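Data block below; observations after.
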Amino acid sequence: MKRDAMNHEPNMHDDAPDGPESAELPMRGTQSVRRALDLLRHVAQGGEKGAKIADLVRESGLDRATAYRLMTCLVEEQFVDRDEKKIYRLGPEAVLLGSLMPRLEPMLRRLVPVMKRIARISGDTVFLMMRQGDHVQCAHREEGSSLVKVLTTHVGQRRLLGMGTGGAAVTGLIPPEELVEAYRRHEAEYAAAEFSLEELQSTADAARAQGYSLTYDAVEVGVAGIGMAFKIGTNGMGAISLGTLTARFGKERQCQLRDLFRNELEGAGLLDSPAIAQNK
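Last residue of the sequence shown: number 280 in the UniProt record's numbering, and the count goes up by one each step with no gaps.
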């Protein structure tokens with residue numbers, strides 16, 4: 001049964017695009033679903049602040065007409081709410097689904113002890129990065145005992161695939177053609193960060209070959225990191241990464257941290273993917 005969301009949504013069409021581009025265009029197959037879900041993710045990232053249609057167009061890379069059509073559908077189905085100031089936020093259906101879905105707690109219960117041990121042994125900051133579409137998001141962070149702490153990423157923060165140590169590690173699990181598609185969808189954002197498609201591809205190639213990622217000055221000058229990715233279920237992906245000072249990241253320590261990561265993740269039963277090489 002269709003919901004009467006138009007009464008719930010005041011002035012629904014006053015930010016609709018003008019001109020011929022606003023004509024309805026057929027969108028079939030999975031592409032439309034992916035686009036709608038991507039928009040829903042961007043709305044969720046806005047939190048209480050919400051997002052305007054211009055924000056969603058910029059972040060998604062969609063044209064205004066397409067973004068507006070998809071947002072209208074999400075509003076009508078009550079997955080998104082739109083207020084009188086034209087701000088979009090998560091709607092009741094999205095909140096309800098979220099309340100029914102399994103939480104990250106089981107994964108965190110499994111990984112937090114691993115992260116705590118790595119942080120205690122290394123003295124450095126350890127991050128859990130989970131893949132979310134074309135991004136990775138920080139789900140947890142453990143700080144080590146080092147006097148100089150690397151806190152380049154906070155819980156909830158997202159980065160594009162390949163950017164940052166955890167995101168670099170995850171690219172090693174992603175098929176090359178899928179990475180190219182992700183880059184094309186966010187080409188403007190990658191370009192703004194001076195991150196080329198060739199760099200993304202070489203990052204993924206290195207992660208596949210080594211079974212882990214090494215980064216230098218990726219997020220902040222003077223900061224280096226190591227990350228190791230793993231699969232979760234059929235399609236889920238995540239990575240544990242560590243941030244440290246470049247001055248403390250010589251070859252010997254890289255090897256020590258690599259072995260520490262591998263032993264801990266193997267102990268947690270997470271390194272069963274063939275993409276995780278056993279290079280010494």
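Even glycine gets a Cβ: it sits at the ideal position worked out from N, Cα and C. Note that the coordinates shown come from a computational prediction; the quantities given were computed from them, not determined experimentally.
Is the beta carbon of residue i less than 8 Å from the beta carbon of residue j?
i      : j      : result
Val126 : Glu142 : yes
Met212 : Phe261 : The sequence shown places Tyr at residue 212, rather than the Met named in the question. Result yes, Cβ atoms of Tyr212 and Phe261 sit closer than 8 Å.
Ile226 : Leu257 : yes
Gly46  : Ala188 : no
His186 : Leu214 : no
Ala36  : Leu74  : yes
Leu200 : Ile240 : no
Ala67  : Val57  : yes
Ala268 : Arg110 : yes
Ser146 : Gly123 : yes
Gln78  : Glu93  : yes
Can you name the start and end residues of the beta strand (DSSP E) that residue i belongs to?
i      : result
Met130 : 125-132
Lys251 : Note, Lys251: premise wrong, no beta strand (DSSP E); alpha helix (DSSP H) at 251-267.
Ser241 : 236-245
Thr215 : 213-216
Arg159 : 158-160
Below 8 Å on the Cβ atoms is my guess for residue i versus residue j; work out the distance and round it to an integer in Å.
i      : j      : result
Gly243 : Arg131 : Not quite, the Cβ-Cβ distance comes to about 19 Å (not below 8 Å), so this is no contact.
Gly166 : Met129 : 3 Å
Gly50  : Tyr88  : 6 Å
In chain order, what residues of the same chain have a beta carbon less than 6 Å from the beta carbon of residue i, not counting five sequence neighbours either side?
i      : result
Leu270 : Phe230
Thr203 : Gly162, Ala168, Thr171
Arg233 : The amino acid at residue 233 is misidentified as Arg; the sequence shows Gly. Counting only Cβ-Cβ distances below 6 Å, and skipping sequence neighbours, we find nothing.
Asp205 : none
From which residue to which residue does the alpha helix (DSSP H) around residue i run?
i           : result
Ala209      : 197-210
Asp38       : 30-46
Leu179      : 176-185
Val223      : Where Val223 is concerned, there is no enclosing alpha helix (DSSP H), although the beta strand (DSSP E) it sits in stretches over 223-232.
Ala139      : Per DSSP, Ala139 belongs to no alpha helix (DSSP H); it is in the beta strand (DSSP E), 135-142.
residue 290 : Nothing can be reported for residue 290: it is not among the residues displayed for the chain, which extend from 1 to 280.
Ala169      : 165-171
By Cβ distance, which residues of its chain are closer than 8 Å to residue i, with the 5 residues on each side in sequence left out?
i      : result
Gln157 : Gln137, Cys138
Leu108 : Leu128, Ala139, His140
Glu48  : Arg89
Glu194 : none
Glu252 : none
Pro176 : Gln201, Ala204
Looking only at its own chain, which residues have a Cβ that is under 7 Å from the Cβ of residue i, when we skip the five neighbours before and after it?
i      : result
Gly133 : Asp38, Arg41
Tyr216 : Ala224, Thr246
Thr152 : Val219, Glu220, Val223, Gly243
Asn263 : none
Ala192 : none
Glu198 : none
Tyr183 : Tyr190, Leu197, Leu200
Lys149 : Thr125, Glu143
Ile121 : Leu260
His135 : Arg158, Arg159, Leu160, Leu161
Curious, which full-length beta strand (DSSP E) runs of at least 3 residues does the segment 53-110 contain? 80-82, 88-90
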